[in-house]
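Letter by letter, the sequence shown follows residues 10 to 288 of the numbering used here.
C-beta atoms are modelled at their ideal positions from N, C-alpha and C, and glycine is treated no differently.
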Amino acid sequence: MSAEPLTVDQVREGLAAHGIRLDERDDACSCPVCDGLMTLTVTTNGAGAHVECSAGCHEQAILGAVRIGLRMAQQGGTHSPLRLVRDRLALPGVERIVKRGKLGDSYELRMADGQVIELGNAAALLNQATVRARLLPQMRRLPPWIKGREWDAVVEAIEQAAEEIDNVATDAEETRAWLVAWLRQARYPTIDTADTAALYEALGSPPPAFCDQDGRLHVQLGDLATWINRFTGTRVTMRTLSARLAALDFERTQAAARHGGHVRNRRYWASPEAFEVSE
10 MSAEPLTVDQ
20 VREGLAAHGI
30 RLDERDDACS
40 CPVCDGLMTL
50 TVTTNGAGAH
60 VECSAGCHEQ
70 AILGAVRIGL
80 RMAQQGGTHS
90 PLRLVRDRLA
100 LPGVERIVKR
110 GKLGDSYELR
120 MADGQVIELG
130 NAAALLNQAT
140 VRARLLPQMR
150 RLPPWIKGRE
160 WDAVVEAIEQ
170 AAEEIDNVAT
180 DAEETRAWLV
190 AWLRQARYPT
200 IDTADTAALY
210 EALGSPPPAF
220 CDQDGRLHVQ
230 LGDLATWINR
240 FTGTRVTMRT
250 LSARLAALDF
260 ERTQAAARHG
270 GHVRNRRYWA
280 SPEAFEVSE
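Given below as structure tokens:
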């Protein structure tokens, strides 16, 4: 079905599964991607239904949400916990939720486009701000803020919809393993970032990684991503790797030092203090 153009009736059915209904006059309604207003028109060249969002959403993203809605309707899942998660987080592209470990060591959203978003453990789920911070780098937007105890209902729906997987490395464990293997061959130095002269000299030939005086690990994202793609057999985008490092509480930073009228600087991702990468 995914290769065939959608008919107007199929678009209506797919939107209805998301709780979005169009009347016969094709009036504006909520967009399943951004919650903006959307209008529906029909092409005359046999290409099927054409959907436009006044907020400028890409048409294929909306049609992707419609196709997911059609599958939901066919499976009788219009009132499922998974649908509640999609609706409340405004993420219609969530196809599956995975839970690693019986006690909720890690929860992941598996998206229709292949993205995997790690939400953290059960304790992290209870903190809405933490979940929003982890969604932002991947989705490039924040989900709606959910007030009061309604967030508990979303967390319960995530748990109810989750497929339990045991004995599989979490994204956090896999990312740490990448760091261990990469740092073995990177030979990263220790640099006192408070020593301007030493930092300026080091940035003359910027190391791909270094530790500072507080035990923070500084990583150049591009170097790490290149190594992962070449040597691990895993394809990872800069965007995905950024999200993974953010989930480990790394943050973007800039190492910069001035000497006379010259400034040297380089962007890094920096870990928390005394960061330890287990073998």
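- Cα atoms of Leu112 and Ala170: separation of roughly 15 angstroms, rounded to the nearest angstrom.
- Taken in chain order, the whole alpha helix (DSSP H) runs of length 4 or more contained in the segment 75-126 are 90-98.
- Val94 places its beta carbon 8 angstroms or farther from that of Ile174.
- Contact annotation: Ile237 and Thr246 have beta-carbon atoms that are not nearer than 8 angstroms.
- With 16 or more other CB atoms across the displayed protein chains lying within 10 angstroms of its CB, Trp278 is buried.
- Here Gln147 really is in contact with Ala252; their C-beta atoms are around 5 angstroms apart, less than 8 angstroms.
- Under the three-state reduction of DSSP output, Phe240 falls in the helix class.
- Three or more pairs of CB atoms, one per stretch, sit closer than 8 angstroms, so the segment 196-203 contacts the segment 216-224.
- With contacts defined as CB atoms closer than 8 angstroms, Ala266 and Leu208 qualify as a contacting pair.
- In the structure shown, the three-state DSSP call for Trp187 is helix.
- For Gly129, the three-state secondary structure derived from DSSP is strand.
- A distance of 8 angstroms or more separates the beta carbons of Leu134 and Val125.
- Annotated as distal: Pro14 and Ala99, with beta-carbon spacing of 8 angstroms or more.
- The Cβ atoms of Val20 and Val60 lie closer than 8 angstroms to each other.
- Runs of alpha helix (DSSP H) with 4 or more residues, each lying fully within the segment 202-281, are found at 205-211, 230-240, 247-256, listed in chain order.
- Under the DSSP assignment, Ala166 falls in the alpha helix (DSSP H) whose first and last residues are 159-170.
- Counted as a single uninterrupted DSSP element, the alpha helix (DSSP H) harbouring Ala142 occupies residues 137-148.
- Per DSSP, reduced to three states, the secondary structure at Ala181 is helical.
- Less than 8 angstroms separates the beta-carbon of Trp191 from that of Leu233.
- Going by C-alpha positions, Val272 is about 22 angstroms away from Gly231.
- When the Cα atoms are used, Phe240 and Arg185 turn out to be separated by approximately 15 angstroms.
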